[in-house]
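Here the structure comes first, spelled out in structure tokens, and everything after it is commentary.
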Amino acid sequence: SMLHSLRAAIDFKRGLTLHYQPLMNASSGEVVGVEALLRWRNDFGEMVPPQRFIPLAERTGMINELGLWVLEQALDRLSAWHRQGYRQLGMAVNVSPVQLRADDFVIKVRQIIEFCDVPPALISFDLTESIGLEEPVLLASRLMALRELGIRLTLDDFGTGHSSLRQLMGLCTDMVKIDPGYIEEIVESADARALAASIVDLAKKRSSCVIAEGVETAEQAQALVDMGCVLMQGFHFGRPMAADQFEHWLRANK
Ligand code: G
Ligand code: G
Ligand code: NA
502 SMLHSLRAAI
512 DFKRGLTLHY
522 QPLMNASSGE
532 VVGVEALLRW
542 RNDFGEMVPP
552 QRFIPLAERT
562 GMINELGLWV
572 LEQALDRLSA
582 WHRQGYRQLG
592 MAVNVSPVQL
602 RADDFVIKVR
612 QIIEFCDVPP
622 ALISFDLTES
632 IGLEEPVLLA
642 SRLMALRELG
652 IRLTLDDFGT
662 GHSSLRQLMG
672 LCTDMVKIDP
682 GYIEEIVESA
692 DARALAASIV
702 DLAKKRSSCV
712 IAEGVETAEQ
722 AQALVDMGCV
732 LMQGFHFGRP
742 MAADQFEHWL
752 RANK
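In full-length UniProt numbering, the protein residues as written are 502 to 755.
Written out as structure tokens, the structure reads:
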């Protein structure tokens, strides 16, 4: 079953890797960071999409262990890239609400950051899903503790219904990531452009940084820059890549 093979993958660190997608400042052309995205190749050699195995890991609690492993790997890489001279590079890591509920999460995070010796201000936790709906008091205290460590928080998938306007207004996050669904049509459709522009404005009123996700063309990137959104991710700049591939990409984009 998927449960057993995922359990074995986590126990033996088998078939699990991270891919890295660049986060760009499209105005300056600089790469400002990367997002770590988990990949799993099962024992049959098939890639299992995160949308399939992350929910399973959440239901079974395995996400706690898996999520800390992801953080260790990602920060270990980040530390290596800093030592290679990319000292300003940031790292975004996806964090499940299940992980936030664990009593020892903040302590473990602090240990990993200290061990990897990276500046916490260059780390972002991407938070999504029903965050803020369940156990709002516990959640708020966890988010506060993470911010006290100096970590940045990002509200992911903004506008998908996983997140909501209320959450945007209620949660203190440093950044908001606009869902690709809002970017898709911004060149062709004036309505889509107006909607994207209003989301950018809304996020900016809270003095958050706004990141557009799923930018696939130069025209989309320009439309976003025109509306004052310069931070973006998407296939136009770079796909999620294995660590060594990403290093080649970094050198080529210097
Ligand atoms: O890169 P990809 O399209 O396959 O990622 C799909 C989704 O899987 C992402 O939007 C993200 O929400 C989730 N995901 C990827 N990696 C991780 C991870 O390390 N932890 C968690 N909790 N979710 C992840
Ligand atoms: O956690 P989050 O939902 O932000 O994960 C990003 C997801 O979006 C990953 O699955 C990644 O592979 C995907 N992605 C990244 N860039 C693009 C893009 O330009 N277009 C599309 N369609 N998907 C993208
Ligand atoms: Na994310």
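Glycine residues also receive a C-beta, built at the ideal position from the N, C-alpha and C atoms.
| query | Span of the alpha helix (DSSP H) holding His520? | reply | Start at 1 with the first residue of the sequence shown, and residue 520 comes out as number 19. Where His520 is concerned, there is no enclosing alpha helix (DSSP H), although the beta strand (DSSP E) it sits in stretches over 517-526.
| How many angstroms separate the CA atom of Asn543 from the CA atom of Leu519? | Looking up residue 543 in the sequence shown gives position 42. Looking up residue 519 in the sequence shown gives position 18. Straight-line Cα distance between these residues: approximately 14 Å.
| Under 9 Å between the Cβ atoms of Gln734 and Met548? | Working through the sequence shown from its first residue, we reach residue 734 at position 233. Working through the sequence shown from its first residue, we reach residue 548 at position 47. No. Outside cutoff.
| message | Between which two residues does the beta strand (DSSP E) holding Ala510 run? | response | Here residue 510 refers to the residue found at position 9 when the sequence shown is read from its first residue. For Ala510, there is no enclosing beta strand (DSSP E); the residue is part of the alpha helix (DSSP H) that begins and ends at 503-513.
| task | Go through its chain and collect everything with a Cβ distance to Ala646's Cβ below 8 Å, but skip five positions before and after it. | result | As a first step, residue 646 must be located in the sequence shown, where it is residue number 145. Exclusion of the five residues before and after Ala646 leaves Val607 as the residues of its chain whose Cβ lies within less than 8 Å of its Cβ.
| request: Tell me where the beta strand (DSSP E) around Ser642 begins and ends. | output: Residue mapping note: residue 642 aligns to position 141 of the sequence shown, counting from 1. Note, Ser642: premise wrong, no beta strand (DSSP E); alpha helix (DSSP H) at 637-649.
| query | With which residues is Gly591 paired in a DSSP beta bridge? | reply | By 1-based counting over the sequence shown, the position of residue 591 is 90. DSSP output for Gly591 lists Gly534 as bridge partner(s).
| task | Please state whether DSSP places Phe626 in a helix, a strand or coil. | result | Here residue 626 corresponds to residue number 125 of the sequence shown, with the count starting at 1. Residue state, collapsed to three classes: strand.
| request: Go ahead and pull the three-state DSSP assignment for Met563. | output: Walking along the sequence shown from the start, residue 563 turns up at place 62. Three-state DSSP puts Met563 in a helix.
| Does any residue of chain E bring its CB to less than 9 Å from the CB of Leu504? | The question asks about chain E, but that chain is absent: this structure has only one protein chain.
| Going along the chain, which residues put their C-beta within less than 5 Å of some heavy atom in ligand 3? | Asn595, Asp627, Asp657
| request: Could you have a look at Asp702 and say whether DSSP puts it in helix, strand or coil? | output: Position 201 of the sequence shown, counting from 1, holds the residue named residue 702. Three-state DSSP puts Asp702 in a helix.
| query | How should Lys678 be labelled, buried or exposed, when 16 other C-beta atoms within 10 angstroms of its C-beta is the threshold for buried? | reply | In the sequence shown, residue 678 corresponds to position 177, counting from 1. Classification of Lys678: buried, given that the 10 Å Cβ count is 16 or more.
| Cβ of Phe747 versus every heavy atom of ligand 2: is any distance shorter than 8 Å? | For this step, residue 747 is matched to residue 246 along the sequence shown. Checking the 8 Å criterion, the Cβ of Phe747 is out of range of every heavy atom belonging to ligand 2.
| Per DSSP, which one or two residues make a beta bridge with Val596? | Reading the sequence shown from its first residue, position 95 is the one you call residue 596. Paired residues: Leu628.
| Closer than 8 Å: Ile564 CB and nearest ligand 1 heavy atom | If you number the sequence shown from 1, residue 564 lands on position 63. Relative to ligand 1, the beta carbon of Ile564 is positioned inside 8 Å of a heavy atom.
| query | Which class does Ala713 belong to by DSSP, given the choice of helix, strand or coil? | reply | Sequence index remark: in the sequence shown, residue 713 carries index 212 (1-based). DSSP places Ala713 in strand when its eight states are reduced to three.
| task | Using only the heavy atoms of ligand 2, determine whether one of them is closer than 8 Å to the beta carbon of Phe736. | result | Numbered from its first residue, the sequence shown carries residue 736 at position 235. True, at least one ligand heavy atom lies under 8 Å from that Cβ.
| Assumed close pair Leu507, Leu557 - CB separation to whole angstroms, cut-off 8 Å | Reading the sequence shown from its first residue, position 6 is the one you call residue 507. Reading the sequence shown from its first residue, position 56 is the one you call residue 557. That belief holds up - the Cβ atoms of Leu507 and Leu557 are roughly 6 Å apart, short of 8 Å.
| If you draw a straight line from the alpha carbon of Gln589 to that of Ser502, how long is it in whole angstroms? | Taking the first residue of the sequence shown as 1, we reach residue 589 at position 88. Taking the first residue of the sequence shown as 1, we reach residue 502 at position 1. Their Cα atoms are separated by approximately 43 Å.
| Under a three-way DSSP split, which group does Arg653 fall into? | Locating residue 653 in the sequence shown gives position 152, where the first residue counts as 1. Strand at Arg653.
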